[in-house]
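These protein sequence lines map, in sequence, to chains D and X. Okay, so the first sequence: first residue is 1 according to the numbering used here, each after it adds one. Okay, so the second sequence: first residue is 1001 according to the numbering used here, each after it adds one.
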Amino acid sequence: MQLYYLPVHELHTMLAKRQISAEELCRAFFERIDSVEEKLKAYVTLTRENALEQAREIDRRIAGGEQISPLGGIPVAVKDNLCTEGVRTTCSSKILYNFVPPYSATVIKKLNAAGAVILGKTNMDEFAMGSSTENSGFFPTNNPWDPERVPGGSSGGSAVAVAAGEAAAALGSDTGGSIRQPAALCGVVGLKPTYGAVSRFGLVAFASSLDQIGPLTRDVTDCALVMNVIAGHDPLDSTSAPGQAPDYTGYLKNDVRGLKIGVPKEYMGEGISPAVKQVIERALATLATLGAEIEETSLPHSEYALPAYYLIAPAEASSNLARYDGVRYGYRAEGAADVVEMFMRTRSLGFGPEVKRRIMLGTYALSAGYYDAYYLKALKVRTLIKQDFDRAFARYDVLLSPTTPSPAFKKGEKMADPLQMYMSDICTLAVNLAGLPGISVPAGFVDGLPVGMQLIGKPFDEGTLLRVAYTFEQNTDYHKARPGI
Amino acid sequence: MEYEAVIGLEVHVELKTKTKIFCSSTTEFGGEPNTHTCPVCLGLPGVLPVLNKKVLEYAIRAALALNCEIAEYSKFDRKNYYYPDMPKNYQISQYDLPLARNGYLDIEIEGRTRRIGITRVHMEEDTGKLVHQGTITTTPYSLVDYNRAGVPLIEIVSEPDLRSPEEARVYMEKLRSIIQYTGVSDCKMEEGSLRCDANVSVRPKGAKEFGTKTEIKNMNSFRALYRALSYEVQRQIDVLEEGGRIVQETRTWDEGRGVTLPMRSKEEAHDYRYFPEPDLVPLVIDRQWVEEIRAALPELPDQRRQRYIRDFGLPAYDASVLTATVELADYFEACVARYPDAKTVSNWVMGELARLLNAHNMEITQCRITPEQLADMLRLIDQGTISGKIAKTVFEEMFVTGNHPEKIVREKGLVQITDEGAIATVVEEVMAKNPKVVEDYRAGKEKALGFLVGQVMKATRGKANPEIVNRLFKERL
């Protein structure tokens, strides 16, 4: 297999054994990027010189006899809503097209400390609002399995980079499915950790109470390796969980005997394509053969997750995005007569239509006279949804569902109908509302397009998710398939 | 008809923590614009606030000093509005679950004590400042300084218990005094570390219902507060007397013109769209910690005032004036420690010293007269070395030069003349030179004596012992 298609743990072995240098590896990835990027458009910014310098530094350390960490010298991509000191961070928005942060996100610092080589910043739906990466303020990204189709979103660039060998691993962010959904549509592993497991410091906020950073990788082992680097308490994030993160690789056991898996019937019913359902049923059969106990269960308030999400997330977004006003940084519209007009023109021209739609929705939901009926009601629904999960987890170790209702859809297909687009996250939204960990793993194909299986866990029980995902992966070959690009 | 004013104050106090409320930038006043900043207080994309625990401690201390109940569970909220001095276009504040509620403070008005309710005390971050070229309406552009952005504030909201501009002013002074005593703020109105907005309405005296209120902003001194409220109360009475109705609106105080002017109407009022701040976790406030803070509260103005009346035997008025600021009270007590006649010390501190400080626009902390020097000077009077009158001259010299009173008396030759023979010579000279005045006195004009004594003092440059002078005249007349 091509170097650029190997998982991180295999590349690490080659680096450690000096079968290849970090610089050679880095160049191999840039060659791959140069050959496919025009077709895929995964990256907003490439940091070629920085990356090569980082790689040479790792080589010097290896030459000096240093033991490198599992991500040392590994070429990775990061979503363009993660602040990188000295490298522009745009959120794929015109309003931040020229924003160069004077600081790095905590996860970026951790990647740097681990010796990871950052190749560039990946495309996304503007401010992470979308499910297809078509809402990028710059250009859409294409699915490597079929460039006529979307890669999912909002972390579409990161998913494509990993799927197409443009990076060995990537970071994305997930507010309602933005890691898991593109991971599913591109045939890679994507984990949204428990809310608070990974520091959000330096992640440009979309909806603060829902956002989490997580890995997109080729396999479950790589997922655990990246989590080992990025998870853990951060004093700069008040919502980050106290205490030390576990060694996630410790959970990589090929054994699900006796584990209880619940399958919420609401996630297998209306709206889920029959072909996807078939894939999931086959996966369930595999896990049953391996000794897991599988039962149908119910999350009765599931149908309210989408409306609750589309009140809470836009409400927070309307406030989080208020700072983009042209005063201090980013794009500023010229020719305004006064400051109010400058605000209005800057925001009218700087934001794309989906972002504006959500700002309006959120502003409305928080307005006097509507707050109780919308925002407050949505918070109550959120509590009910959490309670659904609590009840389910009293009986099951993990819950299992499709990650998305269908495989990758055609570009443009859902752009005219926002609600259809929102439905693409119907299986993933509730997990964010409840703050739970969720992972998507490749589970099969429909018409040559990857299908993802989602596992949902108890708070801070990424371990069991990794164990089930790992076991499934060890007993299937879906994760080894590569797109023919 | 007779009206009464109904006034409630919203007071903002900057807490003097070393660092800002949600980041580690310095809170120091002044500095080159935008140098006391970091990505967090500039609201750059992706940053997160982390609560400075000292802010919480200071806020609790202030709230306890104002007799508030401290919440067991509290949280921060976002107050959303657009203004260029707001880095995030929202302010992190507290809305429905403030830190503290149900407090009060007592004010003295015309010898009566009035208890003014405090509705709530909450924490929030300060905004930056706009620097205009000229005035806000004519400036071609404005510059923004974010040094102040993120400086911790507490907002103290009173009940509508104040009934006159004078009560409002006294309340503010008392509030400032209490907060200063707790050590959590400098409370300098001129530096903006103490700011105040007022809600004002009027109603027929004795009425139960409140009238329609206006909110008054931009009162930047105690004097401005008093003048603005006096103006606004009278304006509302005039409107009602002419059969008009009060419009609920926000008005701004124009210091130069001495009027309040409409700023925005109720319809134009901001909808702040408050919602819980998702970047901060709710506060669960440990009861034991609150009790530790309570136990560590310093003596507050009311307690100190009572002690002055009880232990020093001072009149209530003296006690109030002397305890108004920690610094003045500390100075007074340092003097009393060296010169135990508290009333005499009080007379000098409240009289000559206050007059000189006022005339030189100085604070007690800048005073060059040490408590030792003041005590030594009082002893010079007691010993008869200088007269009370000369003492005032000596005191002023001490104030200006910082020199010891004995040095001044010696160098300026101000030692009192107590030699009866020497004084008698002068007395006889004066009598000889002013036979007409002597006649007047003998004819019953008591006031003539004052003139004669004055002439002796003039001749001796004030150094003659006045008692001896008086006695010698009386013996001879």
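No residue lacks a Cβ here, since even glycine has one placed at the ideal position from N, Cα and C. Small disclaimer: the values here were computed from a predicted structure and weren't measured.
If you check each beta-carbon in the segment 1069-1091 of chain X against every beta-carbon of chain D, the ones closer than 8 angstroms belong to Arg1078, Asn1080, Tyr1082, Pro1084, Pro1087, Lys1088, Asn1089 and Tyr1090. Contact annotation: X:Gly1043 and X:Lys1088 have beta-carbon atoms nearer than 7 angstroms. For the segment 376-403 of chain D, the set of residues with a beta-carbon nearer than 8 angstroms to any beta-carbon of chain X is empty. Under the Cβ distance rule, X:Pro1278 counts among the residues neighbouring chain D, one pair being separated by less than 7 angstroms. In the three-state reduction of the DSSP assignment, D:Asn50 falls in the helix class. Residue pairing by DSSP places D:Gln454 opposite D:Ser401 and D:Ser440 in a beta bridge.
Assignment of D:Ala231 by DSSP, reduced to helix, strand and coil, places it in the strand class. For X:Ile1060, the uninterrupted alpha helix (DSSP H) run begins and ends at Lys1053 to Ala1065, by DSSP. Assigned with DSSP and collapsed to three states, X:His1036 falls in coil, not helix or strand.
Using a CB distance cut-off of 7 angstroms, X:Arg1148 does not count as an interface residue toward chain D. For the segment 325-371 of chain D, there is no continuous beta strand (DSSP E) assignment of 3+ residues that stays within its boundaries.
Note on geometry: alpha-carbon atoms of D:Tyr329 and D:Pro101 lie some 10 angstroms from one another. Counting every other CB atom within 10 Å of its CB across the protein chains shown gives X:Lys1174 a total of 16 or more, marking it as buried. For D:Val204, the nearest CB of chain X lies under 7 angstroms from its own CB, placing it at the interface with that chain. Taking 7 angstroms as the cut-off, the beta carbon of D:Ala434 is found closer than this to the beta carbon of D:Lys386. Your pair D:Val204 and D:Thr89 checks out as a contact, with CB atoms roughly 7 angstroms apart and the cut at 8 angstroms. Look at X:Val1151: its C-beta is not under 7 angstroms from any C-beta on chain D.
If you draw a straight line from the Cα of D:Leu216 to the Cα of D:Pro70, it comes to about 16 angstroms.
Using a Cβ distance threshold of 7 angstroms, D:Tyr4 and D:Phe30 do not count as a contacting pair. Nearest CB-CB separation between X:Pro1033 and chain D: not below the 7 angstroms threshold. Neighbours of D:Thr239 across chain X, judged by C-beta separation under 9 angstroms: Leu1048, Pro1278, Asp1279, Leu1280 and Val1281.
Residue-level contact by beta carbon holds for X:Phe1275 and chain D, with a gap shorter than 7 angstroms. Under the 7 angstroms criterion on CB atoms, D:Ala373 is classed as non-interfacial with respect to chain X. In this structure, DSSP gives X:Gly1030 a state outside helix and strand, which the three-state scheme calls coil. Under the three-state reduction of DSSP, D:Arg200 is assigned to coil, being neither helix nor strand.
The Cβ neighbour count for X:Gln1133, taken over all protein chains shown within 10 Å, is under 16; the residue is labelled exposed. At a cut-off of 7 angstroms between beta carbons, X:Gly1043 contacts chain D. 7 angstroms or more divides the Cβ of D:Leu46 from the Cβ of D:Asn142.
Leaving aside the five residues that flank D:Leu311 on each side, the residues in its chain whose CB is nearer than 7 angstroms to its CB run, in chain order, Ala365, Tyr374, Tyr375 and Ala378. Looking at the DSSP output, X:Thr1393 bridges to nothing. For X:Asp1271, a Cβ of chain D is located within less than 7 angstroms of the residue's own Cβ. Residues of chain X whose Cβ lies closer than 8 angstroms to the Cβ of D:Asp325 are, in chain order, Tyr1082, Pro1084 and Asn1089. D:Asn123 counts as buried, since no fewer than 16 other beta carbons sit within 10 angstroms of its beta carbon. Between the segment 1098-1109 of chain X and the segment 1120-1128 of chain X, the count of C-beta pairs closer than 8 angstroms reaches three or more; the two stretches touch. Taking C-beta atoms under 8 angstroms as the contact rule, D:Thr428 and D:Thr403 qualify, at a distance of about 7 angstroms. Contact between X:Val1202 and X:Gln1236 is confirmed by a C-beta separation of about 5 angstroms, below the 8 angstroms threshold.
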